[in-house]
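Okay, structure first, notes after.
2 protein chains.
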Amino acid sequence: MTQTIAIDNSQKLQLAPLDIPNRLLLGPGPSNAHPAVLEAMNTPPVGHLDPAFLGLMDEIQSLLRYTWQTQNQLTIAVSGTGTAAMEATIANSVEPGDVVLIGVAGYFGNRLVDMAGRYGADVRTITKPWGQVFSLSELRTALETHRPAILALVHAETSTGARQPIDGVGDLCREFGCLLLLDTVTSLGGVPIFLDTWGVDLAYSCSQKGLGCPPGASPFTMSQRAVEKLQQRKTKVANWYLDMNLLGKYWGSDRIYHHTAPINLYYALREALRLLAQEGIENSWQRHQKNVEYLWAGLEDIGLKLHVQQEFRLPTLTTVCIPDGVDGKAIAKILLNDYNIEVGGGLGELAGKVWRVGLMGFNSRTESVDRLLEVLPQVLSK
Amino acid sequence: MTQTIAIDNSQKLQLAPLDIPNRLLLGPGPSNAHPAVLEAMNTPPVGHLDPAFLGLMDEIQSLLRYTWQTQNQLTIAVSGTGTAAMEATIANSVEPGDVVLIGVAGYFGNRLVDMAGRYGADVRTITKPWGQVFSLSELRTALETHRPAILALVHAETSTGARQPIDGVGDLCREFGCLLLLDTVTSLGGVPIFLDTWGVDLAYSCSQKGLGCPPGASPFTMSQRAVEKLQQRKTKVANWYLDMNLLGKYWGSDRIYHHTAPINLYYALREALRLLAQEGIENSWQRHQKNVEYLWAGLEDIGLKLHVQQEFRLPTLTTVCIPDGVDGKAIAKILLNDYNIEVGGGLGELAGKVWRVGLMGFNSRTESVDRLLEVLPQVLSK
Chain L
1 MTQTIAIDNS QKLQLAPLDI PNRLLLGPGP SNAHPAVLEA MNTPPVGHLD
51 PAFLGLMDEI QSLLRYTWQT QNQLTIAVSG TGTAAMEATI ANSVEPGDVV
101 LIGVAGYFGN RLVDMAGRYG ADVRTITKPW GQVFSLSELR TALETHRPAI
151 LALVHAETST GARQPIDGVG DLCREFGCLL LLDTVTSLGG VPIFLDTWGV
201 DLAYSCSQKG LGCPPGASPF TMSQRAVEKL QQRKTKVANW YLDMNLLGKY
251 WGSDRIYHHT APINLYYALR EALRLLAQEG IENSWQRHQK NVEYLWAGLE
301 DIGLKLHVQQ EFRLPTLTTV CIPDGVDGKA IAKILLNDYN IEVGGGLGEL
351 AGKVWRVGLM GFNSRTESVD RLLEVLPQVL SK
Chain R
383 MTQTIAIDNS QKLQLAPLDI PNRLLLGPGP SNAHPAVLEA MNTPPVGHLD
433 PAFLGLMDEI QSLLRYTWQT QNQLTIAVSG TGTAAMEATI ANSVEPGDVV
483 LIGVAGYFGN RLVDMAGRYG ADVRTITKPW GQVFSLSELR TALETHRPAI
533 LALVHAETST GARQPIDGVG DLCREFGCLL LLDTVTSLGG VPIFLDTWGV
583 DLAYSCSQKG LGCPPGASPF TMSQRAVEKL QQRKTKVANW YLDMNLLGKY
633 WGSDRIYHHT APINLYYALR EALRLLAQEG IENSWQRHQK NVEYLWAGLE
683 DIGLKLHVQQ EFRLPTLTTV CIPDGVDGKA IAKILLNDYN IEVGGGLGEL
733 AGKVWRVGLM GFNSRTESVD RLLEVLPQVL SK
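So the protein lines, in turn, are chains L and R.
FYI, the numbering for the first sequence is 1 to 382, going by my numbering.
FYI, the numbering for the second sequence is 383 to 764, going by my numbering.
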């Protein structure tokens, strides 16, 4: 081999093998992966068109349908993190000029606004203070005003800990002839979801919260109504990687190569979904609810207030008000560095005002709550 | 918890734990991951803003620069597979109406055409039969004719096994005032690359070929010239997940949250890059060249012909002509099912005409070659 150019070694770091602390992840995500899921992920990769892998893809599809309570044929995992799955719903459903109405009561509502704008949507918003939710009558009024092609709501607002009620929204959307798009990133696996009963047309989630799996392969689903809108597009989907016309031919019976899937993450996701089905989705929901109520009681016992009205609190993520005079960031830093416990800080309207405490998937256990409640009073009293 | 809707268990599969065959992956990718890389990947995840993780991101950036032989500040891993990194180069560099000239001599040139069109490019192409490459004078003529804003070439065409010479192309692009975009998916780590010396402005790759890492976190880099084009855009990048204005603030010193990174894949990538630096990039290139020449000699010994002229053959991927009268698909199926060896089939112009044999990353070893050469004559003579 001829090689006449000298090698530049200026960026050639000499590193030791990986040495990462073992954290209890009680922030807004990722949460700790189930040990069996990590073990499954470690299986040596096979090819993305290997019959063994194609069978595993089918299993993931079925179990995602079960977990979301949907029969949508086009239910897959996108090869990216939750944000990629979010973008997949927007990219495939929005055509330039479409009116998209977005409920914004937190950070992820705003992200949907930014994203839909990039795909040419005529974006309209309804807003609420962060931590509150929209009523059916508020949604009706907004639909009457804006007559959108798509209504986008966040079921579980990760930035506020609020749960948006969805029952009845699908009927409203049918009355006004629009699609219903739902962010279920912080609800899938841990919060009751009935996509088909609710009439949801597009939904997305992530793997690293309620499913107890490392991040990187993210649930996506679309109803037949949404598929029809996709089929009637006048323009190509403005995103090649996330185009469901192409992805549907890889996940469907055609098996046409699209991209090299993150094989090992699909191993992990399949194991996480298998464990969830073994537990039973309704039992997982109950577990999350029971453990979060235990957390709430414990936090109130030590004098802390919760940001969201009880009726609308998520079982997966709790926003805890930082008491007056307390430096929230400093407390979180001590928890991380001295106790290996991660909790999240506030974003946007809630920056500096709340901690975000997640109990999701494998981490929704009394042991997680006990460990936090044992440490927190000591740290706060320092 | 009130729950009045009945659970639908029709998609609730009862599955056994994962049972995946152990394959020797000698196709076009993924290739087998290095065992130490799989082990690193299995480290429990931490948060995407954890100081331990941010330090690891810095290490990945340096080692990617070393591997690509570039000093580009904006050198990161995109949270998706190689196709996502490809799309990141297009999405960030193309504005609607930009003339983009693409060299098409295989499947991935065509993919660039489709992708660039979706971002509003005025796409022009130069073409060659699959397996051939463009000469400098052909590129000069095309640049004179089309006067593009961007010239996009595929360094290592995974569908043909041809290596496009790049020396001198960067100077041409400067003469004509355009950016040079390069696909290095099947070359990074295994084929000599000197991005800065060559004057490449945008490049992308994958983790699962020359780097010997599972797929899902993919190298991306852009030069200062390309960053300036990005900064002068009149329109937002039409892709939120891959917007380098936002990603640069997460990978740079601002550390502003963008998305939840696929943490464990970054563990794996860091280990893969660490091992590569330990070996020395120039030694890895030599290893790939030595092993592929051993493969070529062995294939010719058993009477097989190679599709690409020797001068332009890739050390990472070899296209082997299927002899007349032989059912290439049937042979590949026997290799997979009876011997656990994966080789790839042909795509597009080469469908049914070649097998694609990869020797990449950890798999570029004499043992891999010996195993294939031991089995292949038996299978062919059946």
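For glycine and all other residues, C-beta sits at the position ideal for the given N, C-alpha and C.
Here the structure is a predicted model, which is why all the values come from computation and not from measurement.
Residue pairing from DSSP places R:TYR586 in a beta bridge opposite R:ASP565, R:PHE602. DSSP, read as helix, strand or coil, puts R:GLY592 in coil. Residue pairing of R:GLY485 in beta bridges, as defined by DSSP: R:ILE508. Within the same chain, and ignoring the five residues on either side of R:THR463 in sequence, the residues whose Cβ sits closer than 7 Å to its Cβ are CYS588, PRO597, GLY598, SER600. The Cβ of L:THR127 sits no closer than 8 Å to any Cβ of chain R. Under the 8 Å criterion on CB atoms, L:CYS206 is classed as interfacial with respect to chain R. In the three-state reduction of the DSSP assignment, L:VAL46 falls in the coil class, being assigned neither a helical nor a strand state. Of all residues in the region 213-239 of chain L, those with a C-beta nearer than 7 Å to a C-beta of chain R are PRO214, PRO215, GLY216, LYS236, ALA238, ASN239, reading in chain order. R:GLU539 sits in a strand when the DSSP states are folded into three classes. In the DSSP assignment, L:ARG140 falls within the unbroken alpha helix (DSSP H) covering 136-146.
Looking at the backbone, the Cα of R:GLN451 and that of R:GLY662 are separated by about 12 Å. DSSP places R:CYS555 inside the alpha helix (DSSP H), whose first and last residues are 551-557.
Within the DSSP bridge table, the entry for L:ARG313 names L:ALA162 as partners.
Listed by position along chain L, the residues whose Cβ is nearer than 9 Å to that of R:ASN414 are PRO44, PRO45. Under the three-state reduction of DSSP output, R:TRP450 falls in the helix class. A contact between stretches requires three or more CB pairs, one per stretch, nearer than 8 Å, and the region 100-107 of chain L meets this requirement with the region 117-126 of chain L. DSSP places R:TRP678 within a helical segment (H, G or I) once states are collapsed to three. Within chain R, not a single residue places a beta-carbon under 9 Å from that of L:GLY131; the smallest gap is close to 19 Å. Going by DSSP, L:ILE331 is part of the alpha helix (DSSP H) stretching over 328-339.
Contact annotation, L:ALA142 with L:VAL100: C-beta distance approximately 12 Å; criterion of less than 8 Å not satisfied. Inter-segment contact for the region 360-380 of chain L and the region 46-59 of chain L is absent: fewer than three beta-carbon pairs are separated by less than 8 Å. When DSSP states are grouped into helix, strand and coil, R:GLU724 belongs to the strand group. Approximately 7 Å separates the beta-carbon atoms of L:VAL185 and L:TYR204; this is inside 8 Å, confirming the contact.
If you ignore the 5 residues before and after R:ARG615, its C-beta comes within less than 8 Å of the C-beta of GLU477, all in its own chain and listed in chain order.
When the beta-carbon positions are compared, L:ARG147 and L:ARG313 stay at least 8 Å from each other. Counting C-beta atoms within 10 angstroms of its own C-beta, R:ILE442 has 16 or more neighbours from the protein chains shown and is therefore classed as buried. The residue from R:LEU420, R:ALA538, R:GLU469, R:SER413 with its alpha-carbon nearest to that of L:PRO17 is R:LEU420. Residues of chain R with a Cβ closer than 9 Å to the Cβ of L:ARG270 are, in chain order, LEU397, LEU400. Scanning chain L for C-beta atoms nearer than 8 Å to the C-beta of R:ALA422 yields PRO17, LEU18, reported in chain order. Within the same chain, ILE723, GLU724, VAL725, VAL739, GLY740, LEU741, ASN745, SER750, LEU754 come within 8 Å of R:LEU408 by CB-CB distance, once the 5 residues on both sides are set aside. Only residues of its own chain outside the window of five on either side were considered, and among them LEU407, PHE744, ASN745 have a CB closer than 6 Å to the CB of R:ASN414, listed in chain order. Spatial neighbours of L:LEU276 in its own chain (CB-CB distance under 7 Å, excluding positions within 5 residues in sequence) are listed in chain order as THR67, GLY189, LEU211, SER284.
Proximity of chain L to R:ARG656 at the Cβ level (cut-off 7 Å) is accounted for by LEU15, in chain order. Distance from the CA of L:PHE194 to the CA of L:GLY168, rounded to the nearest whole angstrom, comes to 12 Å. The region 627-639 of chain R and the region 493-503 of chain R do not touch, with fewer than three beta-carbon pairs separated by less than 8 Å. Contact note: R:GLU539 does not reach chain L at a C-beta cutoff of 8 Å; the least C-beta distance is about 15 Å.
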